[in-house]
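Heads up: the sequence lines are chains G and L, in that order.
Mapping of the first sequence onto the working numbering: position 83 corresponds to residue 148, and the numbering continues sequentially without gaps.
Mapping of the second sequence onto the working numbering: position 93 corresponds to residue 148, and the numbering continues sequentially without gaps.
For glycine and all other residues, C-beta sits at the position ideal for the given N, C-alpha and C.
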Amino acid sequence: DAKTTQPPSMDCAEGRAANLPCNHSTISGNEYVYWYRQIHSQGPQYIIHGLKNNETNEMASLIITEDRKSSTLILPHATLRDTAVYYCIVRLDTGTASKLTFGTGTRLQVTL
Amino acid sequence: ETGVTQSPTHLIKTRGQQVTLRCSSQSGHNTVSWYQQALGQGPQFIFQYYREEENGRGNFPPRFSGLQFPNYSSELNVNALELDDSALYLCASSLRTGGVNGYTFGSGTRLTVV
């Protein structure tokens, strides 16, 4: 399984953009990058995913480098409710099963 | 559309006992995956069910087993509970290939083994 590396924690001021990096240098060509977040003791919440193109939705933007070895999740205007653990995940598809391989996550603290 | 629901929300069991956790998948989803999340760790893949059959398994012993029913709901069974089985157990439903919105997780069952 391709592994991901994330900083253990980050701080962001409310209203500013939060840029969360992820390294996935061993990713293979058919593996997607997913981002989820988890607020204390709740189930992970889907944010965004992509293969090689940059993606944007109502929650965030995902920037994937051309060599696909790293990506950045951008929350354009962070709020206190965005405080959570953010997981960068590589989705391995074995042909018969598809599983999410969670990394260590980044604990984002949004402050006033 | 209804999300993923899991029951019970909390459970306390004694070492050596057996436990069954339940999951109802999101409407329209046909695949269910189970994850174990120990305190302070990221979720770890246990197994996945599609068309009522297990079609992928993580590094978990055979005492972890499951079922999927025709309505796509699922059960996770753990036999001979050990103290290290204490964790948050998460169920995630999806379409076969993940779909546009990825995997929808339930809020989990917090299992404590004493």
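Under the three-state reduction of DSSP output, Arg156 (chain G) falls in the strand class.
Comparing alpha-carbon positions, the option among L:Arg106, L:Thr75, L:Arg70, L:Ser141 lying closest to Arg151 (chain L) turns out to be L:Arg106. For Ala83 (chain G) against Leu140 (chain G), the beta-carbon gap comes to about 4 angstroms, under 8 angstroms, which counts as contact. The beta carbon of Thr169 (chain G) sits closer than 8 angstroms to some beta carbon of chain L. By DSSP's assignment, Ser128 (chain L) forms no beta bridge with any residue. Inter-residue distance for Gly115 (chain G) and Tyr90 (chain L) is about 22 angstroms (C-alpha atoms, whole angstroms). Segment contact: the region 95 to 102 of chain G against the region 136 to 153 of chain G, three or more CB-CB distances shorter than 8 angstroms; contact assigned.
Note on the region 68 to 125 of chain L: whole beta strand (DSSP E) runs with a minimum of 3 residues are 74 to 79, 86 to 92, 99 to 105, 108 to 112, 119 to 123, in chain order.
Runs of the beta strand (DSSP E) spanning 3 or more residues and lying entirely within the region 72 to 160 of chain G occur at 74 to 78, 83 to 88, 97 to 103, 110 to 115, 126 to 129, 135 to 140, 149 to 158, in chain order. Using beta-carbon distances, Ser62 (chain L) does not count as an interface residue toward chain G, since no partner is under 8 angstroms. Look at Leu150 (chain L) here: in three-state DSSP terms it is coil, with no helix or strand label. Under DSSP, Tyr144 (chain L) shares a beta bridge with L:Gln91, L:Thr164. Counting of Cβ neighbours within 10 angstroms places Gln96 (chain L) among the exposed residues, the total staying below 16.
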